[in-house]
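Colleague:
Protein chains: 2
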Amino acid sequence: MPTRQPISLGLSMRYIGYHAASWRHPQAQPGAGSDFRHFVRLAQSAEAAKFDMLFLADGIGIRAKDAPPGALQQTAQSTVLEPLTLLSGLAAVTERIGLVATASTTYNEPFHIARKYASLDSISGGRAGWNIVTSWSEAEARNFGRDKHMDHGPRYARAAEFVEVVKGLWDSWDADAFVHDKASGTFFDPAKMHVLDHQGEHFRVRGPLDIPRSPQGRPVLVQAGASDAGIGIAAANAEVVYSVAHDLNGAKSYYDKVKNAVATAGRNPSGCKIMPGITTFIAPTETEAREKYEQLNALVPEALGLSYLYGQMGDLSGHDLDGPVPEPTDPAVRSIAKGLLALAQRDNLSIRQLYTTIAAGFGTRILIGTPRQVVDELEAWVEAGAADGFNLCPPVLPSAFDDFVAMALPELRRRGLFREEYSGTTLREHLGVTVPNSRYGGAVVPRE
Amino acid sequence: MPTRQPISLGLSMRYIGYHAASWRHPQAQPGAGSDFRHFVRLAQSAEAAKFDMLFLADGIGIRAKDAPPGALQQTAQSTVLEPLTLLSGLAAVTERIGLVATASTTYNEPFHIARKYASLDSISGGRAGWNIVTSWSEAEARNFGRDKHMDHGPRYARAAEFVEVVKGLWDSWDADAFVHDKASGTFFDPAKMHVLDHQGEHFRVRGPLDIPRSPQGRPVLVQAGASDAGIGIAAANAEVVYSVAHDLNGAKSYYDKVKNAVATAGRNPSGCKIMPGITTFIAPTETEAREKYEQLNALVPEALGLSYLYGQMGDLSGHDLDGPVPEPTDPAVRSIAKGLLALAQRDNLSIRQLYTTIAAGFGTRILIGTPRQVVDELEAWVEAGAADGFNLCPPVLPSAFDDFVAMALPELRRRGLFREEYSGTTLREHLGVTVPNSRYGGAVVPRE
Ligand SMILES: Cc1cc2nc3c(=O)[nH]c(=O)nc-3n(C[C@H](O)[C@H](O)[C@H](O)COP(=O)(O)O)c2cc1C
Ligand SMILES: Cc1cc2nc3c(=O)[nH]c(=O)nc-3n(C[C@H](O)[C@H](O)[C@H](O)COP(=O)(O)O)c2cc1C
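Spelled out as structure tokens, the structure:
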């Protein structure tokens with residue numbers, strides 16, 4: 001077997017799993033989604049499994065105003081722990097695994113973000129990453145003094161400038177700035193401190209950051225957002241792209257598009273890892289795997305299922321749920337519903353089948369089967385150049401993650417696709433992405 | 001000995017201590033101020049000593065633009081770890097001690113603050129507190145798009161509204177809202193979720209918060225800010241007031257003023273603990289204690305010492321440092337310099353003596369002496385009704401804190417002034433302050 005680049009694996013550990021009905025699973029502990037101990041256990045399992053990183057998606061508020069009546073109280077996905085506090089807590093009880101938290105450029109200030117992630121990187125000994133998003137819900141807007149979400153154009157213009165400012169602040173100190181010379185009383189060399197003095201369209205930020213350069217030179221930048229503007233941010237910055245893709249062709253063309261954009265931006269495409277999300281139902285036999293899937297699906301109440309279509313397609317509760325998905329009548333709704341309709345038409349889905357597909361993994365690609373079947377799929381995507389790794393979004397936590405570790409991981413390792421041991425201590429080392437240069441040309445990692 | 005209310009003790013553990021020259025101390029590790037392990041050790045020592053809380057002051061940026069040339073690189077007090085990430089990390093490696101982080105109402109959004117502190121309270125099992133400040137430096141303003149700091153009036157108007165919004169968001173969920181009824185598929189009772197829908201002068205925030213009610217009903221509110229407007233915020237909200245006081249009379253009149261204001265606001269004055277800051281130099285003999293003090297003072301370079309006066313009095317580097325403190329010539333400077341000048345005149349201090357007094361404890365009250373002498377002072381303040389406890393700001397960390405624990409704490413305990421063991425598990429229980437009611441009248445603490 002030829003040596004090959006091992007894949008990267010992330011554990012996206014939101015709630016008690018991504019399936020809409022996870023909390024109703026007979027073994028699920030419904031309150032675990034806001035219980036720190038649940039996440040400690042998951043983090044330590046993922047570290048024992050040598051995963052690259054823990055990943056926390058985020059929305060800043062309860063994004064469910066646009067739900068049909070009765071649906072909100074049926075979901076466990078409205079309450080969470082806040083990602084940065086949670087990952088900081090987990091930093092203290094883990095040693096190797098990366099810690100990636102989502103933060104929105106739309107509802108934050110760059111100085112806070114630069115500071116908190118640099119601090120997390122320091123606390124964790126070089127394991128922090130920032131998943132850059134621009135948010136999408138009106139619910140978030142209304143928690144921050146706005147009536148509606150910012151438009152796509154200005155939102156991404158703000159995002160691009162936001163990331164520039166954060167990177168600039170992270171360059172405030174050369175790695176060798178702190179000389180600590182007790183005899184002369186010189187704590188740092190002022191030539192190695194850099195004042196950003198950013199004056200842009202959206203932000204004016206002076207700096208310097210009040211935190212020394214972080215252990216991995218700079219926290220890892222992750223990006224999630226599929227539009228051209230999103231890919232633009234990724235091309236200029238991202239070391240990991242978190243994507244959604246349902247079929248190999250789509251995944252491959254997205255992969256090529258992002259890698260080309262990275263190259264066009266003057267960066268090495270291998271320094272940007274593309275990791276689609278996957279939701280797995282694994283069992284020794286395909287029948288058992290499918291039973292796991294169906295068992296959970298049967299626990300999705302109709303109102304909750306319809307809530308996954310409500311924002312895009314309006315209220316479908318008057319329709320026969322086992323009949324075809326209707327053409328939306330509201331023209332304003334029509335364009336955003338296009339993707340969903342296409343999916344329904346391609347596979348000839350009923351309303352119930354459509355919402356079930358989405359509710360099972362929050363829209364992520366679903367894989368159901370034996371360890372070999374699931375790993376065959378993963379390997380096929382990697383071999384085809386459609387993925388550098390995967391962000392695992394288990395339907396139920398911890399059980400579906402434990403299944404992946406117990407069954408899929410040995411198979412991945414047998415095929416030489418995943419590490420047996422960590423070889424480094426930082427998230428950059430796990431991913432195999434280098435430390436970016438400082439814009440000021442100074443040292444970026446502490447000397448031994 | 002009559003039973004008395006034990007005092008509250010906090011450890012303010014910034015940098016490697018509050019003394020300007022702490023990092024030059026022969027035993028100091030200069031890099032410890034941004035080393036997580038330093039804070040783990042301190043947190044665990046403070047917990048073993050049964051302290052009520054760890055306390056982290058904060059400024060959002062390097063507040064030293066107004067320093068004379070050469071001073072900035074002489075201080076270890078420009079770089080930190082960010083308080084919320086640091087305390088979240090420490091939550092995972094401690095079990096009982098309270099965790100109080102400072103956050104400014106001037107440069108934050110209430111939804112983020114409500115969310116992060118509720119999350120910290122959850123992660124820590126009910127140990128979080130928020131020290132409400134409004135910030136004071138131009139350096140912070142310039143990191144957030146402003147040329148100068150907000151004026152006092154609007155700054156405090158914003159603060160008052162900010163705190164109202166945060167408290168409202170913390171009431172989003174009754175403690176018994178989450179019924180977790182798997183059979184019916186009801187995760188929570190919608191009648192026990194409350195939508196704030198705040199529309200005020202400074203903020204429009206819809207809610208609800210996406211984090212369940214936190215274990216201590218609501219994080220503890222601490223306030224620091226001595227003006228009438230600051231006292232107004234304290235009266236309406238604070239369960240702890242962190243104050244600065246240098247003499248017993250001043251401390252007592254401040255104490256009475258705050259307690260009266262709390263009563264006028266309709267709250268029980270015993271539910272608001274007043275904790276002045278103290279910086280202690282303790283040794284078996286007074287001579288040794290004074291030597292510790294002088295040893296550190298001798299390590300303060302002149303430029304750094306003068307930087308403590310620079311913002312208020314301008315550049316005094318042309319003057320004889322062992323001569324009297326001159327009358328400031330710039331009328332704009334004069335009013336803010338008044339307090340400093342009064343101190344210098346009262347005690348007939350030279351320029352060097354004045355800056356030394358401030359540099360030794362960042363302006364906090366300094367106590368130098370034997371364990372008995374120091375504890376006599378603390379007891380006198382408590383007996384006189386000038387303090388309910390103290391926030392310890394050790395000059396050098398960990399050594400000066402270790403000294404306090406080894407020498408002052410046994411003496412405090414001998415006099416019945418401080419607990420031998422924790423009797424509760426939350427910060428509220430340590431402080432003896434009750435859980436506030438919800439504005440909606442719902443349950444505020446989870447049933448057993
Ligand atoms: C895989 C993936 C994950 C995402 N995760 C989040 C998230 O955790 N929080 C969030 O606010 N938005 C998230 N987004 C949304 C993006 O931030 C973005 O706001 C939205 O997709 C619209 O941008 P786009 O048009 O570039 O896709 C995610 C998007 C993708 C594709
Ligand atoms: C004891 C004490 C501690 C303070 N700690 C902080 C702090 O950590 N961060 C901060 O920005 N301001 C701090 N402040 C400043 C106040 O937040 C406030 O901005 C400033 O004192 C001006 O308000 P005032 O006029 O009400 O005192 C503190 C003030 C006092 C009295």
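So the sequences go chain by chain: A and B.
No gaps in the numbering here: position 444 of the first sequence is 444 in the UniProt record's numbering, and each next residue is one more.
No gaps in the numbering here: position 24 of the second sequence is 24 in the UniProt record's numbering, and each next residue is one more.
Think of the CB as a built atom: it goes at the ideal place given N, C-alpha and C, for glycine as much as any other residue.
Nothing here was measured: the structure is a model prediction, and the numbers come from that model.
What are the residues of the region 18-51 of chain B that lie near chain A, defined by any Cβ-Cβ distance shorter than 7 Å?
Modeller: Within the region 18-51 of chain B, the residues whose Cβ lies closer than 7 Å to some Cβ of chain A are Trp-23, Arg-24, Pro-30, Gly-31, Ser-34, Phe-36, listed in chain order.
Colleague: Hey, is Tyr-242 of chain B close to ligand 2, as in C-beta under 7 Å from one of its heavy atoms?
Modeller: Taking the first residue of the second sequence as position 1, residue 242 of chain B is located at position 242. It does: the Cβ of Tyr-242 of chain B is within 7 Å (strictly closer) of some heavy atom of ligand 2.
Colleague: Excluding sequence positions up to five away, which residues of its chain have a Cβ less than 7 Å from the Cβ of Arg-6 of chain B?
Modeller: Position 6 of the second sequence, counted from the first residue, corresponds to residue 6 of chain B. Contrary to the premise, residue 6 of chain B reads as Pro rather than Arg in this sequence. Answer for Pro-6 of chain B: Leu-417, Phe-418, Arg-419, listed in chain order.
Colleague: Following the continuous beta strand (DSSP E) through Ile-274 of chain B, name the residue where it begins and the one where it ends.
Modeller: As a first step, residue 274 of chain B must be located in the second sequence, where it is residue number 274. Element bounds for Ile-274 of chain B: 273-282.
Colleague: Determine, for Glu-82 of chain A, whether the minimum Cβ-Cβ distance to residues of chain B falls below 8 Å.
Modeller: As a first step, residue 82 of chain A is located in the first sequence; it is residue number 82 there, counting from the start. So, interface residue.
Colleague: How should Ala-76 of chain B be labelled, buried or exposed, when 16 other C-beta atoms within 10 angstroms of its C-beta is the threshold for buried?
Modeller: As a first step, residue 76 of chain B must be located in the second sequence, where it is residue number 76. The residue is buried, with at least 16 neighbouring Cβ atoms inside 10 Å.
Colleague: Could you work out which residue in B:Asp-322, B:Thr-280, B:Glu-164, B:Pro-324 is closest to Leu-367 of chain B when comparing CA atoms only?
Modeller: If you number the second sequence from 1, residue 367 of chain B lands on position 367. Taking only the C-alpha atoms, the option nearest Leu-367 of chain B is B:Thr-280.
Colleague: Is any beta-carbon of chain B found at less than 8 Å from that of residue 451 of chain A?
Modeller: Since the displayed chain A opens at 1 and closes at 448, residue 451 of chain A lies outside it and no answer follows.
Colleague: Out of A:Asn-297, A:Asn-249, A:Leu-306, which one is the CA nearest neighbour of Gly-70 of chain A?
Modeller: Position 70 of the first sequence, counting from 1, holds the residue named residue 70 of chain A. Nearest C-alpha to Gly-70 of chain A: A:Leu-306.
Colleague: Can you tell me whether DSSP reads Met-53 of chain B as helix, strand or coil?
Modeller: Taking the first residue of the second sequence as position 1, residue 53 of chain B is located at position 53. Note: Met-53 of chain B maps to strand in three-state DSSP.
Colleague: Strictly below 8 Å CB to CB, what residues from chain B border Ile-358 of chain A?
Modeller: As a working mapping, residue 358 of chain A is identified with position 358 in the first sequence. In chain order: nothing, as chain B lies at least about 18 Å away.
Colleague: Chain A partners of residue 485 of chain B, CB-CB under 9 Å?
Modeller: Nothing in the structure corresponds to residue 485 of chain B, since chain B is present only between 1 and 448.
Colleague: For Pro-208 of chain B and Leu-169 of chain B, what's the separation of their Cα atoms in angstroms?
Modeller: The residue given as residue 208 of chain B occupies position 208 in the second sequence. The residue given as residue 169 of chain B occupies position 169 in the second sequence. Rounded to whole angstroms, Pro-208 of chain B to Leu-169 of chain B spans 6 Å at the Cα level.
Colleague: Taking the C-alpha atoms as reference points, what is the distance between Ser-243 of chain B and Arg-352 of chain B?
Modeller: On the second sequence, residue 243 of chain B is found 243 positions in, with the first residue counted as 1. On the second sequence, residue 352 of chain B is found 352 positions in, with the first residue counted as 1. Between Ser-243 of chain B and Arg-352 of chain B, the C-alpha separation is close to 25 Å.
Colleague: Hey, out of A:Arg-428, A:Ile-358, A:Val-375, whose CA is closest to Glu-411 of chain A's CA?
Modeller: Here the question's residue 411 of chain A lines up with position 411 in the first sequence. Nearest option by C-alpha distance: A:Val-375.
Colleague: With DSSP run on the structure shown, which of helix, strand or coil describes Val-433 of chain A?
Modeller: Within the first sequence, numbered from 1, the residue matching residue 433 of chain A stands at position 433. Three-state DSSP puts Val-433 of chain A in coil, outside helix and strand.
Colleague: Does ligand 1 have even one heavy atom less than 7 Å from the beta-carbon of Asp-151 of chain A?
Modeller: Reading the first sequence from its first residue, position 151 is the one you call residue 151 of chain A. No.
Colleague: Kindly list the residues whose CB is nearer than 8 Å to the CB of Ala-226 of chain A, restricted to its own chain and excluding five residues on each side of it in sequence; keep chain order.
Modeller: Working through the first sequence from its first residue, we reach residue 226 of chain A at position 226. Answer for Ala-226 of chain A: Ser-243, Val-244, Tyr-254, listed in chain order.
Colleague: According to DSSP, is Ser-78 of chain B part of a helix, a strand, or is it coil?
Modeller: What you label residue 78 of chain B is simply residue 78 of the second sequence in a count that begins at 1. Correct three-state label for Ser-78 of chain B: coil.
Colleague: Quick one: grab the DSSP three-state call for Trp-130 of chain A.
Modeller: Against the first sequence, residue 130 of chain A aligns to sequence position 130. Note: Trp-130 of chain A maps to strand in three-state DSSP.
Colleague: Take Ile-233 of chain A and list the residues in its own chain whose beta-carbon comes closer than 8 Å to its own, dropping the five residues that flank it on each side.
Modeller: In the first sequence, the residue the question calls residue 233 of chain A occupies position 233. Hits under 8 Å: Ile-132, Tyr-156, Ala-159, Ala-160, Val-163, Gln-223, Gly-225.
Colleague: For ligand 1, I want to know if Trp-130 of chain A counts as a neighbour, meaning its beta carbon is within less than 7 Å of at least one of the ligand's heavy atoms.
Modeller: Here residue 130 of chain A refers to the residue found at position 130 when the first sequence is read from its first residue. Checking the Cβ of Trp-130 of chain A against ligand 1 gives no.
Colleague: Of the choices A:Asp-121, A:Lys-338, A:Glu-95, whose alpha-carbon is the least far from that of Ala-101 of chain A?
Modeller: Your numbering for residue 101 of chain A matches position 101 in the first sequence. If we check each option's Cα against that of Ala-101 of chain A, A:Asp-121 comes out closest.
Colleague: Could you tell me whether the Cβ atoms of residue 511 of chain A and Lys-252 of chain A are closer together than 8 Å?
Modeller: Residue coverage of chain A in this structure runs from 1 to 448, which leaves residue 511 of chain A outside it and unanswerable.
Colleague: From the DSSP output, read off the bridge partner residues of Tyr-117 of chain B.
Modeller: Your numbering for residue 117 of chain B matches position 117 in the second sequence. Beta-bridge pairing links Tyr-117 of chain B to no other residue.
Colleague: Quick one: complete alpha helix (DSSP H) runs, 4+ long, within the region 181-210 of chain B?
Modeller: With a minimum length of 4 residues, no continuous alpha helix (DSSP H) run stays inside the region 181-210 of chain B.
Colleague: Between Ser-227 of chain A and ligand 1, is the CB less than 7 Å from at least one heavy atom?
Modeller: Working through the first sequence from its first residue, we reach residue 227 of chain A at position 227. Yes, ligand 1 has a heavy atom inside 7 Å of this Cβ.
Colleague: For ligand 4, any of its heavy atoms closer than 7 Å to the Cβ of Thr-134 of chain B?
Modeller: With respect to ligand 4, the structure offers nothing, as its ligand set consists of ligand 1 and ligand 2.
Colleague: On a CA-only basis, which of A:Ala-91, A:Ser-22, A:Gln-373 is nearest Pro-284 of chain A? Give me that one, please.
Modeller: Stepping through the first sequence from its first residue, residue 284 of chain A is reached at position 284. Comparing Cα-Cα distances from Pro-284 of chain A to each of A:Ala-91, A:Ser-22, A:Gln-373, the minimum goes to A:Gln-373.
Colleague: By Cβ distance below 7 Å, which residues in the same chain neighbour Lys-292 of chain A in space, the five residues on each side in sequence not counted?
Modeller: Along the first sequence, read from residue 1 onward, the residue named residue 292 of chain A stands at position 292. For Lys-292 of chain A, where only same-chain residues beyond five positions count, the Cβ hits under 7 Å are Phe-281, Ala-283.
Colleague: Please determine whether the Cβ atom of Ala-57 of chain B lies at a distance below 7 Å from any heavy atom of ligand 2.
Modeller: One-based indexing of the second sequence puts residue 57 of chain B at position 57. Yes, ligand 2 has a heavy atom inside 7 Å of this Cβ.
Colleague: Please classify Lys-50 of chain B as buried or exposed, where buried requires at least 16 other C-beta atoms within 10 Å of its C-beta.
Modeller: Your numbering for residue 50 of chain B matches position 50 in the second sequence. That one is buried.
Colleague: Between Thr-426 of chain B and chain A, is there a C-beta pair that is closer than 8 Å?
Modeller: Along the second sequence, read from residue 1 onward, the residue named residue 426 of chain B stands at position 426. No - not a single Cβ of chain A is within 8 Å of the one on Thr-426 of chain B.
Colleague: List the residues of chain B that Gly-142 of chain A touches, going by C-beta distances under 7 Å, in chain order.
Modeller: Counted from its first residue, the first sequence places residue 142 of chain A at position 142. A small fix is needed here, since residue 142 of chain A is Arg in this sequence, not Gly. Within chain B, the residues near Arg-142 of chain A are Arg-206.
Colleague: Taking any Cβ of chain A, which residues in the region 94-119 of chain B have a Cβ under 8 Å from it, in chain order?
Modeller: Here the close residues are Tyr-107, Asn-108, Glu-109, Phe-111, His-112, Arg-115, Lys-116, Ala-118, Ser-119.
Colleague: Starting from Ser-203 of chain B, find everything on chain A with Cβ-Cβ shorter than 8 Å and list it in chain order.
Modeller: As a working note, residue 203 of chain B is residue 203 in the second sequence. Residue 203 of chain B is actually Phe in this sequence, not Ser. In chain order: Gly-145.
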